[in-house]
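Below: the structure, in structure tokens.
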Amino acid sequence: MSGACAAKASCQCRTVHCSAWCPRIRTPETHPPPRGADAFPAMWSRLPPAVLMLTASALFATMSLFVKLASPLHHAGELVFYRGLTGVVMMATLARWQGVPLATPVWMLHLRRSGSGSLALVCWFVALAGLPLATGVTMNYLSSLWMAAFMALTAALKGQFRQKLPAVLWVIAGFAGVVMVLRPAAAPSQWQAGLAGLCSGALAAVAYLQVAALGRSGEPAQRTVFYFTLSNVALGAAAMAIWGARPPWEQPWTDIAQVLAIGVLATLAQLALTQAYARGKALSNAALQYTGILFSALLGYLCFAEVPDSLSFAGMAIIALSGLGAQGLIRRPGRH
63 MSGACAAKAS CQCRTVHCSA WCPRIRTPET HPPPRGADAF PAMWSRLPPA VLMLTASALF
123 ATMSLFVKLA SPLHHAGELV FYRGLTGVVM MATLARWQGV PLATPVWMLH LRRSGSGSLA
183 LVCWFVALAG LPLATGVTMN YLSSLWMAAF MALTAALKGQ FRQKLPAVLW VIAGFAGVVM
243 VLRPAAAPSQ WQAGLAGLCS GALAAVAYLQ VAALGRSGEP AQRTVFYFTL SNVALGAAAM
303 AIWGARPPWE QPWTDIAQVL AIGVLATLAQ LALTQAYARG KALSNAALQY TGILFSALLG
363 YLCFAEVPDS LSFAGMAIIA LSGLGAQGLI RRPGRH
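Taking the numbering used here, the leading residue of the sequence shown gets 63, the next gets one more, and so forth.
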């Protein structure tokens, strides 16, 4: 989890930058609930929902750029640690400012949601490090396909497979797009990164199931995101203890700035995304969120001279369209 991912932890209505989209709608990285409309700075309320959604997509794409820039010097566990550390400070400050207590009566739900979401974030950061930027960001949009796959599997176990045939078709189309992006001719290292991206989407989908349960329990968005970022810190610290890491005081300030920017950009993107979904139309926002792929393709070209070929662009388009189709099915389960 888009963040594709911590932002998703706050959704009650709707996936890999990263960060809490509700399984009824989608995505990490990889969000927001109507209840959060009054939970964030008033400056967001003066912007149209479409502008907020485009801003969030651009911020998540920029965060992904910093993940890729920092990857040669920091392993994924380190990046998740710093991303979480920044988020913990920002969300704890926001919660205190708004008078939201951080103590929770449903810590087991938070543990399951935050654990699966943090693992998804690690896998996504691995994918970003090993794939072209636009391809890595596209991997963050697979959670809706995994949710549709889980939905179809559940229906099959209940003997209702034919009713979920549209979901199966979207899933098949989406993963055909994945094969087009990560074709067999790709280097083995890219396939490994691609598999990490697939795992990220699956884990994010599991996390969104817990997000729905947290929403039903009445947990506020600030608390959900706080525990998600706290889980990032714990998992990242464990990874750093195992694989090592340079202390911050031994690193150039430019390296520190890069890893801190990851957390700041992700948190700001979450705020914009939450406000967009609180005030805008879910389907319009879901469509606009896929502009993150275009933003990342532009950044990949400007910073790394990456130019996806026509087959990769076609695969990305198929993934985006399949994700939108799957989101529609997940949001309207009673119609199928």
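From the three backbone atoms N, C-alpha and C, an ideal C-beta is built for every residue, glycine too. Remember, it's a predicted structure, so these values are computed and weren't measured experimentally.
Q) Helix, strand or coil: which one does DSSP assign to G44? A) Residue 44 is absent from the model: the chain starts at 63 and stops at 398.
Rounded to the nearest angstrom, how far is the Cβ of S180 from that of S279, given a contact under 8 Å? Along the sequence shown, one-based indexing puts residue 180 at 118. Along the sequence shown, one-based indexing puts residue 279 at 217. About 20 Å; that fails the 8 Å criterion.
Worksheet item: Quick one: is W169 buried, meaning 16 or more other Cβ sit within 10 Å of its Cβ, or exposed?
Response: Taking the sequence shown and counting its residues from 1, one reaches residue 169 at position 107. Exposed is the call here.
Keeping to the same chain, check which residues put their C-beta closer than 7 Å to that of L114; ignore five residues upstream and five downstream.
As a first step, residue 114 is located in the sequence shown; it is residue number 52 there, counting from the start. Closer than 7 Å at Cβ, skipping near neighbours: W106, A334, Q337, A338.
* Asked: Quick one, are the C-beta atoms of A214 and V230 less than 7 Å apart?
  -> In the sequence shown, residue 214 corresponds to position 152, counting from 1. In the sequence shown, residue 230 corresponds to position 168, counting from 1. Their beta carbons are under 7 Å apart, which means A214 touches V230 by this criterion.
Cβ-Cβ distance between A118 and S358 below 7 Å:
The sequence position of residue 118 within the sequence shown is 56, counting from 1. The sequence position of residue 358 within the sequence shown is 296, counting from 1. In this structure, S358 does not lie closer than 7 Å to A118 by Cβ.
So, under 8 Å CB-CB, V284 and A157 are touching, yes? Tell me the CB distance rounded to an integer number of Å. As a first step, residue 284 must be located in the sequence shown, where it is residue number 222. As a first step, residue 157 must be located in the sequence shown, where it is residue number 95. The residue asked about is misnamed: residue 284 is Gln in this sequence, not Val. Right, their Cβ atoms sit about 4 Å apart.
Quick check: the Cα distance between S374 and I380, rounded to an integer number of angstroms? Position 312 of the sequence shown holds residue 374. Position 318 of the sequence shown holds residue 380. The alpha-carbon of S374 is positioned some 10 Å away from that of I380.
- prompt: Roughly how many whole angstroms lie between the Cα atoms of A132 and A348?
  reply: Residue 132 sits at position 70 when you count from the first residue of the sequence shown. Residue 348 sits at position 286 when you count from the first residue of the sequence shown. Those two C-alpha atoms are separated by around 29 Å.
Notebook entry, point to check: Which term fits L219, buried or exposed, when burial requires 16 or more other beta carbons within 10 angstroms of its beta carbon?
Noted result: Taking the sequence shown and counting its residues from 1, one reaches residue 219 at position 157. Answer is exposed; the Cβ neighbour count stays below 16.
Put D317 into one of helix, strand or coil per three-state DSSP. Indexing the sequence shown from 1 puts residue 317 at position 255. In this structure, D317 counts as helix in the three-state DSSP scheme.
Excluding sequence positions up to five away, which residues of its chain have a Cβ less than 8 Å from the Cβ of D100?
To locate residue 100, count along the sequence shown from 1; it is residue 38. Annotation note: pLDDT 45 at D100 (below 50); position unreliable, no value reported.
*From V151, R175, G387, pick the residue whose C-alpha is nearest to that of A275; which is it?*
The count along the sequence shown starts at 1 and reaches residue 275 at position 213. Among V151, R175, G387, the Cα nearest to that of A275 is on R175.
Between I318 and P309, what straight-line distance do the alpha-carbon atoms span, to the nearest angstrom? Translated into the one-based positions of the sequence shown, residue 318 becomes position 256. Translated into the one-based positions of the sequence shown, residue 309 becomes position 247. The alpha-carbon atoms of I318 and P309 are separated by roughly 10 Å.
Exercise. Measure the CB-CB distance between V150 and V287 and report whether it falls below 7 Å.
Key: Mapped onto the sequence shown, residue 150 falls at position 88. Mapped onto the sequence shown, residue 287 falls at position 225. Their beta carbons are not under 7 Å apart, which means V150 does not touch V287 by this criterion.
Indicate the three-state DSSP secondary structure (helix, strand or coil) for G342 in the structure shown. Sequence index remark: in the sequence shown, residue 342 carries index 280 (1-based). Coil at G342, not helix or strand.
Measuring CA to CA, which of I324, T200, T291 is closest to S384? By one-based count along the sequence shown, residue 384 stands at place 322. For S384, the closest C-alpha among the options I324, T200, T291 is that of T200.
heavy atom of the ligand ZN below 6 Å from L173 C-beta:
This structure simply doesn't include the ligand ZN, nor any ligand for that matter.
How do the region 297-314 and the region 137-145 stand: do at least 3 beta-carbon pairs fall below 8 Å, yes or no? Taking a cut-off of 8 Å for Cβ pairs, the region 297-314 and the region 137-145 touch, as three or more such pairs fall below it.
> What do you get for S372, buried or exposed, if any count of 16 or more other CB atoms within 10 angstroms of its CB means buried?
Replying inline: Here the question's residue 372 lines up with position 310 in the sequence shown. With fewer than 16 other Cβ atoms within 10 Å, it is exposed.
_Report the CB separation of G377 from M242 in whole angstroms; it is logged as a contact under 8 Å._
As a working note, residue 377 is residue 315 in the sequence shown. As a working note, residue 242 is residue 180 in the sequence shown. Yes, G377 and M242 are in contact; Cβ-Cβ is about 3 Å, under 8 Å.
**With 16 other Cβ atoms within 10 Å as the buried cut-off, status of C185** = Translated into positions along the sequence shown, residue 185 becomes position 123. Buried, because 16 or more other Cβ atoms sit within 10 Å of the Cβ of C185.
* **CA nearest to the CA of T291, picked from A323, A112, A154, R108** => For the purposes of this step, residue 291 is identified with residue 229 of the sequence shown, where counting begins at 1. The candidate whose alpha carbon is nearest that of T291 is A154.
Should C365 go down as buried or exposed, given a rule of 16 or more other Cβ atoms within 10 Å for buried? Start at 1 with the first residue of the sequence shown, and residue 365 comes out as number 303. Answer is exposed; the Cβ neighbour count stays below 16.
So A264 and W208 are supposed to be a Cβ contact under 8 Å. How far apart are they, rounded?
Residue numbering aside, residue 264 sits at position 202 when the sequence shown is read from its first letter. Residue numbering aside, residue 208 sits at position 146 when the sequence shown is read from its first letter. That pair is a contact at about 5 Å.
Next item on the list: In angstroms with no decimal places, state the Cα-to-Cα distance between Y352 and G342.
Entry: As a working mapping, residue 352 is identified with position 290 in the sequence shown. As a working mapping, residue 342 is identified with position 280 in the sequence shown. As the crow flies, the alpha-carbon of Y352 is around 16 Å from that of G342.
* **Same chain only: Cβ atoms within 6 Å of T124, ignoring 5 sequence neighbours per side** => Reading the sequence shown from its first residue, position 62 is the one you call residue 124. Excluding positions up to five away in sequence, the list reads L327.
Worksheet entry | Range of the contiguous alpha helix (DSSP H) that encloses H172 | Taking the sequence shown and counting its residues from 1, one reaches residue 172 at position 110. Boundaries of the alpha helix (DSSP H) harbouring H172: 169-192, taken from the DSSP string.
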